[in-house]
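Notes to accompany the following structure.
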Amino acid sequence: MKKVFGYPEALTTNQTHYCPGCTHGTIHRMVAESLGELGLRERAVGIAPVGCSVLAYNYFNCDMFEAAHGRAPAVATGAKRCRPDLILFTYQGDGDLASIGAAEILHAANRGEKITVIFVNNAIYGMTGGQMAPTTMPGQVTTTCPFGRNPDHEGYPIRVVELLSTLRTPAYLARVASHTPLHVVEAKKAVREAFRLQAENTCFTMVEILSVCPTNWGLTSAESNEWLEQNMLPYYPLGVFKHPDRSEADSAAEAGVLQGA
Amino acid sequence: MKKVFGYPEALTTNQTHYCPGCTHGTIHRMVAESLGELGLRERAVGIAPVGCSVLAYNYFNCDMFEAAHGRAPAVATGAKRCRPDLILFTYQGDGDLASIGAAEILHAANRGEKITVIFVNNAIYGMTGGQMAPTTMPGQVTTTCPFGRNPDHEGYPIRVVELLSTLRTPAYLARVASHTPLHVVEAKKAVREAFRLQAENTCFTMVEILSVCPTNWGLTSAESNEWLEQNMLPYYPLGVFKHPDRSEADSAAEAGVLQGA
Amino acid sequence: MPKIVVDKTRCKGCERCVEACPQSVIAMSKQLNEKGYFYAVPFDQPRCLGCMLCAINCPDIAIEVFVHGTQYQFIEY
Amino acid sequence: MPKIVVDKTRCKGCERCVEACPQSVIAMSKQLNEKGYFYAVPFDQPRCLGCMLCAINCPDIAIEVFVHGTQYQFIEY
Amino acid sequence: MAKVLMKGCEAIGEAAIRAGCRNFFGYPITPQTEVPEYLAKRFPEVDGSYVQAESEVAAINMLYGGAGVGKRVLTTSSSPGISLMAEGVSYIAACHLPIVFVNIVRAGPGLGGILPAQSDYLQATKGHGHGDYKLLVLAPASVQEAVDLIYEAFDLADHYLTPVMVMGDGMIGQMMEPVDLPDMRDLSDLVEKPWAATGACGRGPNIINSLYLKEDMCNANSWKLKEKADEIERKEQRSEAYACPGDVLDVLVVAYGTMARICKTAADEVKKKDKKKVGVFRPISLWPYPYEALAAEAKKAKKILVVEMSTGQMVEDVKLAVLGKKPIEFYGLTGGMVPSPDNVAHKLRSMIK
Amino acid sequence: MAKVLMKGCEAIGEAAIRAGCRNFFGYPITPQTEVPEYLAKRFPEVDGSYVQAESEVAAINMLYGGAGVGKRVLTTSSSPGISLMAEGVSYIAACHLPIVFVNIVRAGPGLGGILPAQSDYLQATKGHGHGDYKLLVLAPASVQEAVDLIYEAFDLADHYLTPVMVMGDGMIGQMMEPVDLPDMRDLSDLVEKPWAATGACGRGPNIINSLYLKEDMCNANSWKLKEKADEIERKEQRSEAYACPGDVLDVLVVAYGTMARICKTAADEVKKKDKKKVGVFRPISLWPYPYEALAAEAKKAKKILVVEMSTGQMVEDVKLAVLGKKPIEFYGLTGGMVPSPDNVAHKLRSMIK
Amino acid sequence: MQTEVIMSGFGGQGLMMIGKLLASAALEEGKNVTWLPSYGPEMRGGTANCTVVIGDKPVGSPLITSPWAAIVMNQPSLEKFAPMLRKDGILVVNSTMIPINSDRTDIRCFRIRADDLASEMGNRRSANLVMLGAYIGLEEIVSHKTLITAIEHAFAEKKKFIDVNRKTFTKGYELAKAGKSDD
Amino acid sequence: MQTEVIMSGFGGQGLMMIGKLLASAALEEGKNVTWLPSYGPEMRGGTANCTVVIGDKPVGSPLITSPWAAIVMNQPSLEKFAPMLRKDGILVVNSTMIPINSDRTDIRCFRIRADDLASEMGNRRSANLVMLGAYIGLEEIVSHKTLITAIEHAFAEKKKFIDVNRKTFTKGYELAKAGKSDD
Ligand SMILES: Cc1ncc(C[n+]2csc(CCOP(=O)(O)OP(=O)(O)O)c2C)c(N)n1
Ligand SMILES: Cc1ncc(C[n+]2csc(CCOP(=O)(O)OP(=O)(O)O)c2C)c(N)n1
Ligand code: SF4
Ligand code: SF4
Ligand code: SF4
Ligand code: SF4
Ligand code: SF4
Ligand code: SF4
Ligand SMILES: [Mg+2]
Ligand SMILES: [Mg+2]
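Listed in order, the protein sequences are those of chains A, B, C, D, E, F, G and H. For the first sequence, numbering that gives the first Met the number 0 assigns the number 0 to the initial residue and increments by one for each residue that follows. For the second sequence, numbering that gives the first Met the number 0 assigns the number 0 to the initial residue and increments by one for each residue that follows. For the third sequence, numbering that gives the first Met the number 0 assigns the number 0 to the initial residue and increments by one for each residue that follows. For the fourth sequence, numbering that gives the first Met the number 0 assigns the number 0 to the initial residue and increments by one for each residue that follows. For the fifth sequence, numbering that gives the first Met the number 0 assigns the number 0 to the initial residue and increments by one for each residue that follows. For the sixth sequence, numbering that gives the first Met the number 0 assigns the number 0 to the initial residue and increments by one for each residue that follows. For the seventh sequence, numbering that gives the first Met the number 0 assigns the number 0 to the initial residue and increments by one for each residue that follows. For the eighth sequence, numbering that gives the first Met the number 0 assigns the number 0 to the initial residue and increments by one for each residue that follows.
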């Protein structure tokens, strides 16, 4: 018999510490598979964030850094500028990337660093036990917005991909989801495309991946999927928002349509 | 005879340290006039940045802070949340706001802080003697891009107003210029509108003001105007990009048009 | 005939594979594994199409998929 | 008749007022002020329309504008 | 009021409210996140406001704004977050603004671990931010003392116009103990702040600033800060001498915070079982360091033992107090390992033989 | 090579290039912006790369990345910027990564002023970031020494796998002096870094990390850092004793960096005019502090005078060296005021009478 | 006199809760007390524990390396804490979940089918109270009565749980008093 | 022996440049030398200065509070530095720009119409070299020849300026040698 689906080489066999049903694991696998399929594992250097995926260095079977909270894009910049022949990726949560690390992601994108950012948006701070993130949904209850996020006081969730899409510097920017098999299939394509573009030294690449946090959402795995579909998908539309091969006008138009959501 | 134009009450009579022809002075005046006309001077608290306008606290005739480099929006947030009855404004340069302070401006805008940000974009670090700013134009020579800003390595200039316009949180966001009398007239309207909206506790307000730096551009006052018109205006289109009274769709459409530039 | 193999020790019992399977091949065991989870079991293996959806959806890479010869693929992964 | 008054000590000689004036009322003095700048002088005062453009464009608020009675305003400021 | 059982972090939040603090700005980090979580829930009841800052850098600058408009403001964080606040705290000190901030120290350096440690001692007491200024640093050993010191910290901050740090560790933050909560301060009763930037209405502008273009002014501000530091050094030294009566001690243990509690247990045991005289000296104010009080106790001791959850940071201050007159030994574990009473007793026995 | 006249900042940049550094990450700040400006111009000639970071926080984390992939990396900044780097440097130290960074100190605290000062001494030597680690701190007194120490700093960093700070002030940064530039290092000759994250090709993954979930591992890393610090303390103390022959000194002046040059002039004058014996002790490594060497010199002196451009930060280390055996006085100006030789001579005379 | 109890099990088994009940009862009785949870990223799905120290004098270390008693609700907890117990210490074992025994002979071990008993009494989630009851039955460091009061206070806002919790607690208490271990 | 010279004037008058010329000439002659500019935000339009210290022994402080000589090209500089000069020190004054005199009688003051002379010689912007020439003429701390070499090096890439700079420098030098002050 032929194995058509198995364990990717670019992951160690360590079991993750992620909660049951947490899609961090799925996303790790997509990254590892992409590195493997493109033959990049031996040149790859990953940057783990501070967040639930802080231990990512135990799971990826390639060279890794563990960065300070929010600073992964700066670490990747430093590494890539020193060794342009390496393949650099960061793996970051929404608190890490969109809150404390907002300046670093914005500027890495704007400088056009040839790195790949895997941005896991689960609308909450997972690791520290469920505080409000910049991507937390209006009305969503967290430990630091115990009465639900109130847009009048905390503002609306930040749509990072849309934000970065306004930058003039060429980039590959996509948003995908990770909660159903078909979403994973699309997500994987985007992740691989990002690494491919990096390997060709084309541009900055980032894939935002909508993810679940059953533990801090206080839901089962199945309920989480539903919550994501009902609350996050309408606000965080999926798609490729920017592609270096497409003209700005095209991307703007597509983004325009999606912004209506 | 009647004085139709004179010295605004909300400025001290101290002479500024700005270079001849630098429009920082003009912008100070607009802010002071707006405070005066709206009767807000006695409730106003301004936050000076680190940049050429670091001494703004000597010029505005109202209570002032001098903030750490880039952090004025956080300082204003702290002050406004503690004293919502006060009128808070920050006055920031492009290095201060768009580089080191990128996270602070993004999040103050996204939280919808009821403050007014006066953002002076002169495409360079004035105070420290002419280094590259995030808003420096492609090809522009500065002391830290002595061969001209190269978009392949440093990326393209950041358009802050366009960037913040993608946020869902209501805001007033406009870009104006300060180099000719008619531009100043429009600029003043935008500044006053921003303070009016703040006084009514409506939303976050920011006016980006294109400004000149004759000293570090190495040009005369008149040449600076020309340089600004030829290089900055096409890339930094003027207009109101977001207004709390207008629907998102309208703003997006307007922004879309302008983005074509 | 296609088949899946679940690594019982890796499984965290999240049931994502169960939800994913169009053929209802998988169900949860009534026993805990050593980590304390009710783990996934392919209790109706013959119905398996080898479509890989379960494996694709498993965050813990606890599932391997095997097929004989050529196999119609619903999805490209 | 409208007129402008330039505060010689505040002027930094940037010539923004000169550029702004539609009536060419203003020119630069041949003398330095105490700060070492050639300062602005309304050398053709009678042509002044009181339009305020010079004052609006002056970064150093060195110009005051005076008018008699009602005055047509080109711009609202 | 009857004692209530409260978690350290929550007690800190409640104590701040009772001290008149209505504005908290902070960013989550273990093991202190329960402070903001508590306040996010509790503040609406007292018209207070919680703002989750985008980072610790932003948080400390929000405090700068809040303190500058005259309010009692608080942030809490843990080691890496405290490092990020260094620039902001230097600004606040330079501007003579009162703030209270809490470091629930975790294991370092780098990301380290989240378990209790005392390895930020030198940072807090010597050189957090740039420039000549000092932090008033208070180190509670129990939840009750955390409450009392937080409550007082706001008064100290307002009195000296200075940043005050309360430094605990994961045990202080996570532990529940019975506490007597202080009364609610009457907000109208707090000290006036005529220097605050509250709108130039009926007076000239107030300016909160630390830039000095003229070097003599800048020099003067540094010396003003130095004089303030000297006054604090004279007036605010706090310490506790435990079981040190008489005039001979076999060993004097020096330890602070939770470590001092553990040392007391160890000292009691060695006293009881080995019939040796062991005292414990506990600095409560880490800066100003109680040099004189320690020197006085040290005089009676044959040997000094410093115990810390670090590789030895306070040792330097003990040396400065003892000035070579007594032998000083050190025992420490860090990284989240907490020396047990047995560990300390073992070390004590090795010193006494 | 013949001596060339170079500005301190530019000489620092050139020395780094010659030491094999090809990557600079930094953010402009007076009075050190000429370093990045010089390198932005010069790097293309040697295939180097200058990146203007968005902030000092980003810059230090870029160094973390660059050091982690095995390159010699540099950043330079000044006081407020250095404060912002505290968290990053703590991570770098915890991961045992070699970097060189420069603080051209300016007046503080807060925004302060841009003129020369020495008020970041305690921050640099005691408690910059959180956790147990130490910075190797070198303080040049001339442009030539700045060049030499920068050149050596890269080797020290690589040898001990530790961050090394070179600390100067605005005079060092802005002054031109004649310098002998060292030779270009052969890049292929630099020490190997098998631990670097350069792609797991033909070996298992290399991991650059400072997180330890297990407290014993975290403890072990702190003690590993401590042992390294102890080794550096044994081996890398540097100092200069100027005009201290014989065995009696009326006064021993202790000063570092540019302040020591000024004190030498003052000492020479007092020796000549007042016929008194005045020596100058100049620590070159501020950490490890040359305690023993200073103690030896201090033995000969009747009195000690510490002179700093601060309100008195190094005094504590001098006390630790002298241990109460000699009276110590302090003279200092700060905020950009530089004590002149006359000021110091005046103070010296008041001590000798 | 000072007593230290560690309670340990899977997250969700309610160990923190019984620790707090014990601590408040101790406070109620005027004793000195500390309660300290384990915390950290290991929380994720792993084993959680808390330590309660009760004494006549002020408590020294809230962190205990050789406790006097341990209440263990899953096997990893038994494996971790049984070896750390002091001589003559007490080990209360949830025998529904833990098939094995500690090999120590110098401690008192009490096994009780906590989950089963709780289920039988109508609320599977009250197994923790069975365990606590058993411990208090073995060693009445606080009185049964005070503990019942503590339960009533704790569930003042979820009154429907008071009854079952009171009952399950008392069940464990009585079995232990009667020496009716599972072995 | 140590000589300290401060050169001061408006930004743009070329003070930094002549300071560097003097410093390189001193280096060329094997002397110890430091050159230190004023720096700071006051740069903005204000007065700029630099200090050159030349000595036989290593230079102590590069920052001088009582200099031996001052070359002042605008009035604020005269007002600032004349009072700081040491007794018997040298003050070189650009009389084109500075109508006033220092009231000190214990110093040597040399006035020279630097701007006018430079303009007359074809390059208004060489007034700084006239000033430097005058100073060296008064006190030859480096030789005329070395200084000319320094000028040639400095303008190696802008050769067209060498000639006028050499001439203006020599003009100032000769007038000073001849004692032809402006007064
Ligand atoms: C400087 C600093 N601040 C705060 C923290 C605490 N912290 C750790 S992870 C985290 C948030 C993680 O949330 P996110 O990035 O969304 O990742 P997730 O856990 O949701 O995957 C925070 C605030 C820290 N370690 N360092
Ligand atoms: C933390 C910190 N980093 C850097 C600096 C130095 N610095 C002062 S102003 C400035 C840039 C100013 O540029 P901009 O904000 O564009 O203002 P402008 O002067 O152009 O008006 C910099 C980098 C500082 N003071 N503090
Ligand atoms: S806390 Fe949330 S994000 Fe973290 S591992 Fe668990 S489910 Fe995933
Ligand atoms: S340097 Fe530029 S921005 Fe600054 S005052 Fe001068 S002209 Fe204006
Ligand atoms: S491969 Fe397809 S059919 Fe077979 S078990 Fe998996 S999901 Fe079901
Ligand atoms: S998806 Fe994976 S982890 Fe989840 S139940 Fe199925 S096999 Fe187990
Ligand atoms: S008011 Fe108008 S017309 Fe008169 S001087 Fe000014 S610009 Fe010219
Ligand atoms: S615009 Fe103002 S400063 Fe400029 S020349 Fe005219 S009056 Fe003078
Ligand atoms: Mg998250
Ligand atoms: Mg600017």
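Glycine included, C-beta positions come from ideal geometry on N, C-alpha and C.
Go ahead and pull the three-state DSSP assignment for E/Gly-334. coil
Cα separation between H/Ile-140 and H/Ser-101? 24 Å
Where E/Ile-98 falls: helix, strand or coil (DSSP): strand
Can you confirm whether B/Arg-174, when its beta carbon is compared against all beta carbons of chain D, has any partner nearer than 8 Å? no
Per DSSP, which one or two residues make a beta bridge with H/Ala-113? Paired residues: none, contrary to the question.
Roughly how far, in whole angstroms, is the beta-carbon of E/Met-170 from the beta-carbon of E/Pro-115, given that I think they are within contact range, below 8 Å? 5 Å
C-beta atoms of E/Gly-334 and F/Gly-109 nearer than 8 Å: no
So does A/Tyr-56 have its beta carbon nearer than 7 Å to some heavy atom of ligand 3? no
Quick one: using the 10 Å Cβ neighbour count with 16 as the cut-off for buried, is E/Tyr-120 buried or exposed? buried
Proximity to F/Met-336 [Cα-Cα], best of H/Pro-75, H/Phe-160, H/Ile-63, H/Met-83: H/Ile-63
Give the single residue among E/Pro-338, E/Ile-351, E/Gly-87, E/Ile-113 whose Cα lies nearest to the Cα of E/Asp-249. E/Ile-351
With DSSP as the reference, please indicate the residues paired to H/Thr-2 in a beta bridge. H/Ile-53
Under 9 Å by beta carbon: chain E residues contacting B/Tyr-17: Within 9 Å Cβ-Cβ: nothing; B/Tyr-17 doesn't reach chain E, min ~14 Å.
In whole angstroms, give me the CA-to-CA distance for F/Ala-85 and F/Tyr-63. 13 Å
Going by DSSP in three states, A/Gly-77 sits in which element: helix, strand or coil? helix
Min CB distance F/Pro-108 to chain B below 8 Å: no
Quick check: what's the CA-CA separation for B/Ile-86 versus F/Ala-52? 33 Å
May I ask you to list the residues that DSSP assigns as paired with E/Gly-111? F/Leu-210
Taking 7 Å as the cut-off, is the C-beta of D/Pro-58 nearer than that to any heavy atom in ligand 7? no
Mapping DSSP to helix, strand and coil, what is E/Gln-117? coil
Along the region 171 to 185 of chain F, what residues have a CB closer than 8 Å to any CB found in chain H? Gln-173, Met-174, Met-175, Glu-176, Pro-177
Closest Cβ-Cβ distance between F/Ala-58 and chain E: below 8 Å? no
Within 10 angstroms of its Cβ, does B/Asp-62 collect 16 or more other Cβ (buried), or is it exposed? buried
Return yes when the Cβ of G/Gly-88 is within less than 8 Å of the Cβ of G/Pro-61, no when it is not. no
Which runs of the beta strand (DSSP E) spanning at least 3 residues fall entirely within the region 24 to 57 of chain F, listed in chain order? 48 to 51
Spatial neighbours of A/Ala-210 within its chain, please: CB distance less than 6 Å, with the 5 preceding and 5 following residues excluded, ordered by chain position. This sequence places Ser at residue 210 of chain A; Ala is not what is there. So the qualifying residues of the chain are Thr-22, Val-119, Asn-121, Ser-177.
With a Cβ-Cβ cutoff of 8 Å, do G/Ile-5 and G/Ala-81 count as a contact? no
Proximal residues, the region 7 to 19 of chain G versus chain E, C-beta separation under 8 Å: Lys-19
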